[in-house]
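Asks: Position one of the sequence shown corresponds to residue 314 (the working numbering), numbered consecutively onward. Just so you know, even glycine gets a beta-carbon here, dropped at the ideal spot from N, CA and C. If you're wondering where the values come from, they're calculated on a predicted model, not measured in any experiment.
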Amino acid sequence: MAAAQNSLLFLGFDFSTQQVKSTGALRTEESFYFVAMLCCSGLVCVRTQGGVHLHADRLTVTSPVLMWVKALDLLLDKMKRAGLDLSRVRALSGSGQQHGSVYWRRGASGTLKQLDPDQSLNQLLQVCVFSVSHSPVWMDSSSTQQCQHLQAAAGGALRLAEITGSRAYERFTGNQIAKVHQTRPADYQDTERISLVSSFAASLFLGDYAAIDYSDGSGMNLLDIRTRSWSEVCLEASASHLDRLLGAPLPSTSILGPVSSYFVRRYGFSEDCRVVAFTGDNPASLAGMRLQQGDIAVSLGTSDTVFLWIRHPRPALEGHVFCNPVDWQAYMALLCFKNGSLTRERIRNECAGGSWELFSAALRETPLGNNGYIGFYFDTVEITPAAVGIRRFAADDREVSSLGPQAEVRALLEGQFLSRRLHAERLGYSVGKRSRVLATGGASSNGDILQVLSDVFDAPVYTIDVSDSACLGSAYRALHGLVADSGVSFSETVKNAPEPQLAATPHPTARKVYDHMLQRYARLEERVLREAPPLSHSDQSAVL
Ligand code: ADP
Ligand code: XUL
């Protein structure tokens, strides 16, 4: 990396579903800095499918904790081999896929504090460190019973949303912890600390248990998002001794401490390098995209997410409100759609011979509005809305059983983006003259997909050069963490960072086509939900 010797380096890590990645932000003396992807490690071969295990009940989804540990070993070894001078890193931070939980066995903190720099983390943490070796992750939907119990204890779904920012969701950590507590009492008893994936990763760097930050903590159905402390009602309804097991939550901008001596001795980090609280991947993306009020961010990763910066939380039965990761007085709203990239990959395989090129060609060769064809593609139980199955409709709303391959590709994309827009509008988003859509995630590298996004939202779409905005946001947050206590705002800290690049502008006819189509989509979605049998346990397990 070509850089001035006296420049300062800030590192961001992202522990996502399919990879562990890292990005660096460099700040020179002239206060100008740029960003470079330092390296990125693929998934370690631990016989997972895309980083997860889908269990026989088809509801339980876990990831081996050691997969993240091994991936971090590989990533840091790769950085070292690339000749990076890690002694220049002044601060690091990171993000993790949201909601997943890691269970540290009694005595694990002693192990963390005395890591032998001659051995890899994987060697050191392999035995007796985790009381649950396979962590429940965000794709899990097996905790319906626990959700019902929590909602009843809190005084109903809306009341729970008012306290924690969300009604009860199966993937939210409190319900996952409650399930472990009930189904694995001995392992729970043997646990001395519970981390989120983000605070677990921070703990590795810190050599001690890292606090859960307010923003990722908001994805647990346990944190009171207004007082920013654990809600006693929710803790009590979920599992025993939770306040002790979770530790006190901290502001997302907190400096947790210096990097552990393990990283100083094994990888040459400076003893002065600070670890800034890690957060969730979506909050970190908000930072990476430098989202402003009025913008909407659309992340096209394994799951698709849509998020907005908001001042005043208005929790509802749909979507989530989290504490804002860069401004403790603000909030962010988030919608999560489970059928994102994996569904696009399925349709690519079935309709475009497995080629993104042909998939893109299909988008270019079909008209805006797809001659009235609209599709709903919920391969697995969708989060927003709670539905499963595939439905296709012609222009007169008559159901059709199949579409030609090119029309199918466009129906999928338009359906996905109409759904993102419809549900964002219900959360308070409105397409205005100065609206910008900021796109990120793996599929944002595809210009034809971004064109459909731009048309459906009737707004210009911007991307950032770095493909992983969560990583980049973590590097920015590391930098901000050093100055946040002296009152410097996040936007001030990153004001010289590269601006997002314009990637697509809406077609002149887009507004007319999609305003009308959005109304039809809303009506058809109601019909799909009305006509679907209630989601029973076995329906939920449907993976088409
Ligand atoms: P994660 O949620 O693990 O962070 P990413 O944001 O890295 O996921 O996105 C990974 C997804 O990006 C892959 O599953 C793949 O379907 C999608 N993807 C990668 N390249 C393209 C492309 N050219 N067109 C559409 N989708 C793509
Ligand atoms: C958000 C969610 C996912 C995960 C994985 O609520 O469940 O976006 O954070 O990326």
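#1: Could you check if Trp-381 belongs to the surroundings of the ligand XUL, using beta carbon to heavy atom distance under 7 Å?
#2: Does DSSP put Thr-336 in a helix, a strand or coil?
#3: CA-CA distance, Thr-477 and Arg-657?
#4: Determine contact between the stretch 578-585 and the stretch 596-603, defined as no fewer than three beta-carbon pairs at a distance below 8 Å.
#5: Got a sec: does the ligand XUL put a non-hydrogen atom nearer than 7 Å to the Cβ of Cys-784?
#6: Apply the 10 Å Cβ neighbour rule to Gly-413 and answer buried if 16 or more other Cβ atoms are within range, or exposed otherwise.
#7: Please indicate yes or no: does the CB of Gln-729 lie closer than 7 Å to some heavy atom of the ligand ADP?
#8: For Asp-327 and Asp-709, what's the separation of their Cα atoms in angstroms?
#9: Do you know whose CA, among Gly-337, Leu-321, Gln-331 and Lys-651, lies nearest Cys-784's CA?
#10: Excluding five sequence neighbours on each side, which residues of the same chain lie with their C-beta closer than 8 Å to the C-beta of Ser-849?
#11: Count the other C-beta atoms from every protein chain shown that fall within 10 angstroms of the C-beta of Gly-396, then say buried if there are 16 or more, exposed otherwise.
#12: Between Pro-562 and Tyr-527, is the Cβ-Cβ spacing less than 8 Å?
#13: Here's the rule: buried if 16 or more other CB atoms are within 10 angstroms of the residue's CB, otherwise exposed. What is Ser-551?
#14: Pick helix, strand or coil for Gln-719, following the three-state DSSP scheme.
#15: Nearest to Ser-654 by CA position, among Ser-320, Leu-324 and Gln-331, is which residue?
#16: Check whether the Cβ of Arg-677 sits closer than 7 Å to any heavy atom of the ligand XUL, and report yes or no.
#17: Whose C-beta lies closer than 7 Å to the C-beta of Gln-719 among residues of the same chain, with five residues either side of it excluded?
#18: Does the ligand XUL have a heavy atom nearer than 7 Å to the CB of Gly-478?
#19: Taking three-plus beta-carbon pairs below 8 Å as touching, is the stretch 637-649 in contact with the stretch 586-599?
#20: Restricting to runs no shorter than 4 residues, where is the alpha helix (DSSP H) found entirely within the stretch 748-826?
#21: What does a CB cutoff of less than 6 Å around Ser-567 pick up in its chain, not counting 5 residues either side in sequence?
#22: Take Tyr-575 and list the residues in its own chain whose beta-carbon comes closer than 7 Å to its own, dropping the five residues that flank it on each side.
#23: From Val-493 to Tyr-501, what distance separates their C-alpha atoms?
#24: I'd like the span of the beta strand (DSSP E) that includes Ile-623, first residue to last.
Replies: Taking the definition as stated:
#1: Incorrect: Trp-381 has no Cβ contact closer than 7 Å to the ligand XUL.
#2: Strand, per DSSP.
#3: Cα-Cα distance, rounded: 32 Å.
#4: Judged by Cβ distances under 8 Å, the stretch 578-585 makes no contact with the stretch 596-603, as fewer than three pairs qualify.
#5: In this structure, the C-beta of Cys-784 stays at least 7 Å away from each heavy atom of the ligand XUL.
#6: Flag for Gly-413 reads buried.
#7: No, since every heavy atom of the ligand ADP falls outside the 7 Å radius drawn around the Cβ of Gln-729.
#8: The straight-line gap from Cα to Cα measures roughly 45 Å.
#9: In this structure, Gly-337 is the residue among Gly-337, Leu-321, Gln-331 and Lys-651 with its C-alpha nearest to the C-alpha of Cys-784.
#10: Low confidence applies to Ser-849: its pLDDT is 47, below 50, so where it sits in the model is not reliable enough to give any reading.
#11: The residue is exposed, with fewer than 16 neighbouring Cβ atoms inside 10 Å.
#12: Cβ distance < 8 Å, so Pro-562 and Tyr-527 count as in contact.
#13: Burial check for Ser-551: the Cβ neighbour count within 10 Å reaches 16 or more, so the residue is buried.
#14: In the structure shown, Gln-719 falls within a helical segment according to DSSP collapsed to helix, strand and coil.
#15: Each of Ser-320, Leu-324 and Gln-331 was checked against the Cα of Ser-654, and the nearest Cα belongs to Gln-331.
#16: Distances from the CB of Arg-677 to the heavy atoms of the ligand XUL are all 7 Å or more.
#17: The residues are Ala-675, Glu-678 and Thr-679.
#18: The answer is no for Gly-478.
#19: Counting Cβ pairs under 8 Å, three or more are found: they touch.
#20: Every alpha helix (DSSP H) stretch that sits fully inside the stretch 748-826 and reaches 4 residues is listed by chain position as 760-770, 782-796 and 803-806.
#21: So the qualifying residues of the chain are Ala-590.
#22: Result list for Tyr-575: Leu-428, Pro-430 and Gly-520, in chain order.
#23: Taking the straight line from one Cα to the other gives about 7 Å.
#24: Ile-623 -> beta strand (DSSP E) spans 617-623.
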